[in-house]
Amino acid sequence: MEEVINELMGTIMSNQLNIPALQPVLDSVSQLPVVGLLISFILWKPVFALLICPGLSTVGILLLFFPWVERKLCGRIQWRVGPREIVPWLGGLIQLLADTLRFLFQEVIVHKDAHRPYFLQFAFLSFIAALLPLLFLNAGNVIAIETPYAIQAMLALVCLFPFFILGLGWASNSRFAYIGTVREAFMYFAYEISFIIAVIAMVVLYGTSNPLEMADKPWGLILNPIAAFTFFVGAAMATSRMPFEIAEADQEVAAGPHVEYSGIAFGLIYVMCYEKAYILCGLMTVLFLGGGSGPDIPGITPLLGNDLMGIVWFLIKTIIVLTTLFVLRTIYPRYRLDQGLNIGWGAMITLSLIALALSIVLVQGGIVL
Amino acid sequence: MKKVTVPEQSTVEKAVRHAAAIGVAVKESVYPLTATVQYPRQRKKMPDNFRGYILFDPEKCINCWECAFICPANAIRMKEAPNKKYYPTIDYGRCIFCHFCIDSCSGGALRATKIHDVAYKDMDEMLTLTEEMIEPPEIIREDKKLVEYQIDEKDLRLKKTREEDNLIVEKAPPPVEIQMVSQCIDRASCIGCHVCEHVCESGAISSSIANGVMRMKIDTDTCTGCGLCVKECSMQILTLVRK
């Protein structure tokens, strides 16, 4: 028994997050009986990845503030004010907190025609499905499950989202949800193939699908900008952002698959879209922007240590990509379904195949090692 | 029928336009031109000739009933006062704020204010009696800033100043005079009756005979735009236009 515990402790202690600035504090805390164990458990890299970054806490904070950032930024660009009335001196910063409270206390209405068990289950299951890819997302060198197939695993889990959205629409059993669901299904097939090919192009280019090894290579955005562009447009399609907000088109089908939801179930679906966007932008950072790699900043890097700096760089890059994705809605109007399909099956697939060919040429030509 | 088609654009042109759109978005996110006036806290600066709530001064009223006659919405009714004079009452449920009554008031008893935010509990209360029109209505002022729209070159900007706008207009700006001139709209129909020439007081209209054809001429510089010729023209081919 003791051997097992010792072995376990050895594993935990050997893979700790290294923070030079906090080391004296951590050393003194680790002498305490239970708290020390807990702290070292949390600072164990896989658990840290799950609980703090890029996992639960980061997702929570981003979900709490990113809808606000999006609304405020889009408001500025469109000459509006955005949310303001809740805590005006902070510019309505805690708007989503207020919304969440309202969602929590609102009745979840299950209408008569809905498929009750599935209607309720899919709302919560879809949130879990959107969380799963975080297991393979790395922030710097912090990752929950380190495998050489992390990118593929993430891709497979990312491709699971639309099934749950189809489930939502099917269980809702209403006409708007039905139209929205059919649109979602059409769009799913339109972007999925080119999206996957764009990722494969990067895997071919790097010669590895381990995100930790990708960080040391030059930026994918510079090596293969076509793949980056295809991935970005694919991400916009996958998250139903504005130019491709075909399935959820508010003015046409009243939020599509989510039309029948209310209360906390709707709240979960509402933030799930942002969660999806966060994961895809994280993947974009890993694939095209060098993940957690970044230049050393004198004075800060020695203090925070390489592990934490990786996380900081990862977050900065991800937030920049996220903001770019959100700002798209102020620039482009919504495409029709047929235009969306045309872009997906035509331009996107062509671009992704060109990107793949470019990767192969770069690798075969020996330009990239 | 004209069919509308998508304009032809080359890929480079499209890319330039996309880049321009993104550039505008970036510029606006850094330095936005917010057009919102946050009303109760900020108040837009209205011009002095703003058509708002109407005030009444019984001292100047000469009982001519002109306001009641001209009111196109029939909002003004005259009511007998204890001094046996008739004074106007305005039903704000009907008033369309055209301010014809103010323009027609020969004694200057009615005057405009910039007040536009008066609330009533029911329709009956909207019938404003003469004694309620003498003093401005009680409104709650929450505004801290005065907002003024300014157009510089091509963009609209908001100029915000920390001052309170006086909603009561002390002296109404004089009405803008529009210079008009008489113009013939159908020369071919002119019968050469010389009525316009005779009726014109400023001598702006002259006639000449060339090649056996009578030609009337209106001198736009001396024409005062009085409209007499327009009224008298037997063929009704004269009209007043802006100078």
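Residue numbers (our numbering), protein chains in the order written: chain A, 1 to 369; chain B, 370 to 612. All residues carry an ideal CB built from backbone N, CA and C; glycine is no exception.
(request) Can you grab the Cα-Cα spacing for the pair residue 495 of chain B / residue 507 of chain B, in whole Å? (result) Residue 495 of chain B sits at position 126 when you count from the first residue of the second sequence. Residue 507 of chain B sits at position 138 when you count from the first residue of the second sequence. Cα to Cα, the separation comes out at about 14 Å.
(message) For a minimum of 4 consecutive residues, which ranges assigned as the alpha helix (DSSP H) are wholly contained in the region 488 to 547 of chain B?
(response) 499 to 503
(message) On the criterion of 16 or more Cβ atoms from any shown chain inside 10 Å, does residue 330 of chain A qualify as buried, or is it exposed?
(response) Numbered from 1 along the first sequence, position 330 holds the residue referred to as residue 330 of chain A. Around the C-beta of residue 330 of chain A, 16 or more other C-beta atoms lie within 10 Å, and the residue is accordingly described as buried.
(request) Identify the contact partners of residue 391 of chain B in chain A, using a Cβ-Cβ distance below 7 Å as the criterion. (result) The residue you call residue 391 of chain B lines up with position 22 of the second sequence. Chain A residues near residue 391 of chain B: 331.
(request) Grab the span of the alpha helix (DSSP H) containing residue 275 of chain A for me, first residue to last. (result) Taking the first residue of the first sequence as 1, we reach residue 275 of chain A at position 275. Its alpha helix (DSSP H) spans residues 263 to 288.
(request) Indicate whether at least one CB of chain B lies closer than 8 Å to the CB of residue 327 of chain A. (result) Here residue 327 of chain A corresponds to residue number 327 of the first sequence, with the count starting at 1. It does; some Cβ of chain B falls within 8 Å.
(request) Check the Cβ of residue 89 of chain A against every Cβ in chain B and list those closer than 8 Å, keeping chain order. (result) One-based indexing of the first sequence puts residue 89 of chain A at position 89. Near residue 89 of chain A there are no residues of chain B at all, since even the closest Cβ is about 13 Å away, more than 8 Å.
(request) Have a look at B:497, B:423, B:479 and B:465 and flag the residue whose alpha-carbon is nearest the alpha-carbon of residue 347 of chain B. (result) Because chain B is modelled from 370 through 612, residue 347 of chain B falls outside the range shown and cannot be assessed.
(request) Anything in chain A within Cβ reach of residue 398 of chain B, meaning under 8 Å, just list it in chain order. (result) The residue given as residue 398 of chain B occupies position 29 in the second sequence. Under the 8 Å cutoff, chain A gives 73, 76, 77 and 327.
(request) Taking residue 405 of chain B as the query, report the chain A residues whose CB atoms sit under 7 Å from its CB, ordered along the chain. (result) In the second sequence, counting from the first residue as 1, residue 405 of chain B sits at position 36. Near residue 405 of chain B (Cβ distances below 7 Å), the residues of chain A are 80 and 81.
(request) Report the residue from A:24, A:3, A:80 and A:241 whose alpha carbon sits nearest the alpha carbon of residue 323 of chain A. (result) For the purposes of this step, residue 323 of chain A is taken as residue 323 along the first sequence, with counting starting at 1. Minimum Cα distance to residue 323 of chain A is reached at A:241.
(request) Please report the residue range of the beta strand (DSSP E) in which residue 458 of chain B lies. (result) Position 89 of the second sequence holds residue 458 of chain B. Residues 455 to 460.
(message) Mapping the DSSP letters down to three states, classify residue 413 of chain B as helix, strand or coil.
(response) Position 44 of the second sequence, counted from the start, is the residue given in the question as residue 413 of chain B. Note: residue 413 of chain B maps to strand in three-state DSSP.
(message) With H, G and I counted as helix, E and B as strand and the rest as coil, what does DSSP make of residue 430 of chain B?
(response) In the second sequence, counting from the first residue as 1, residue 430 of chain B sits at position 61. Three-state DSSP puts residue 430 of chain B in coil, outside helix and strand.
(message) For residue 552 of chain B, list the residues DSSP reports as bridge partners.
(response) As a position in the second sequence, residue 552 of chain B is number 183, starting the count at 1. Paired residues: B:608.
(message) With DSSP as the reference, identify every bridge partner of residue 449 of chain B, one or two as the case may be.
(response) Start at 1 with the first residue of the second sequence, and residue 449 of chain B comes out as number 80. Its beta-bridge partners are B:455.
(message) Would residue 401 of chain B pass as an interface residue toward chain A - the criterion being a Cβ-Cβ separation below 8 Å?
(response) Reading the second sequence from its first residue, position 32 is the one you call residue 401 of chain B. Yes, contact with chain A.
(request) May I ask you to report which of helix, strand or coil DSSP gives residue 586 of chain B? (result) Numbered from 1 along the second sequence, position 217 holds the residue referred to as residue 586 of chain B. Correct three-state label for residue 586 of chain B: strand.
(request) Kindly indicate the opening and closing residues of the alpha helix (DSSP H) around residue 126 of chain A. (result) Here residue 126 of chain A corresponds to residue number 126 of the first sequence, with the count starting at 1. That run of the alpha helix (DSSP H) goes 116 to 131.
(request) Please confirm whether residue 216 of chain A and residue 293 of chain A have their CB atoms less than 8 Å apart. (result) As a first step, residue 216 of chain A must be located in the first sequence, where it is residue number 216. As a first step, residue 293 of chain A must be located in the first sequence, where it is residue number 293. Yes. Within cutoff.
(message) Once the 5 residues before and after residue 148 of chain A are set aside, which same chain residues still bring their CB inside 8 Å of it?
(response) Position 148 of the first sequence holds residue 148 of chain A. Here the set comprises 208, 209 and 210.
(request) Helix, strand or coil for residue 231 of chain A, going by three-state DSSP, please let me know. (result) Taking the first sequence and counting its residues from 1, the one referred to as residue 231 of chain A is at position 231. Helix, per DSSP.
(request) Use the C-beta contact count for residue 76 of chain A: other C-beta atoms within 10 angstroms, 16 or more gives buried, fewer gives exposed. (result) Here the question's residue 76 of chain A lines up with position 76 in the first sequence. With 16 or more other Cβ atoms within 10 Å, it is buried.
(message) With distance defined between alpha-carbon atoms, name the residue in A:129, A:177, A:169 and A:167 nearest to residue 154 of chain A.
(response) Here residue 154 of chain A is taken as the residue at index 154 of the first sequence, counted from 1. For the residues A:129, A:177, A:169 and A:167, the minimum Cα distance to residue 154 of chain A belongs to A:129.
(request) Tell me, please, whether the CB atom of residue 394 of chain B is closer than 8 Å to any CB atom in chain A? (result) Position 25 of the second sequence, counted from the start, is the residue given in the question as residue 394 of chain B. Interface annotation, residue 394 of chain B: in contact with chain A, CB-CB separation under 8 Å.
(request) Check whether the region 213 to 232 of chain A touches the region 346 to 357 of chain A, counting contact only when three or more Cβ pairs, one atom from each stretch, lie closer than 8 Å. (result) yes
(message) Could you tell me the alpha carbon to alpha carbon distance between residue 364 of chain A and residue 156 of chain A, rounded to whole angstroms?
(response) Within the first sequence, numbered from 1, the residue matching residue 364 of chain A stands at position 364. Within the first sequence, numbered from 1, the residue matching residue 156 of chain A stands at position 156. Residue 364 of chain A and residue 156 of chain A: Cα-Cα distance of roughly 28 Å.
(message) I'd like to know whether the C-beta atoms of residue 430 of chain B and residue 462 of chain B end up nearer to each other than 8 Å.
(response) Counting from one through the second sequence, the residue named residue 430 of chain B turns up at place 61. Counting from one through the second sequence, the residue named residue 462 of chain B turns up at place 93. It is not a contact, given that the beta carbons lie outside the stated cut-off.
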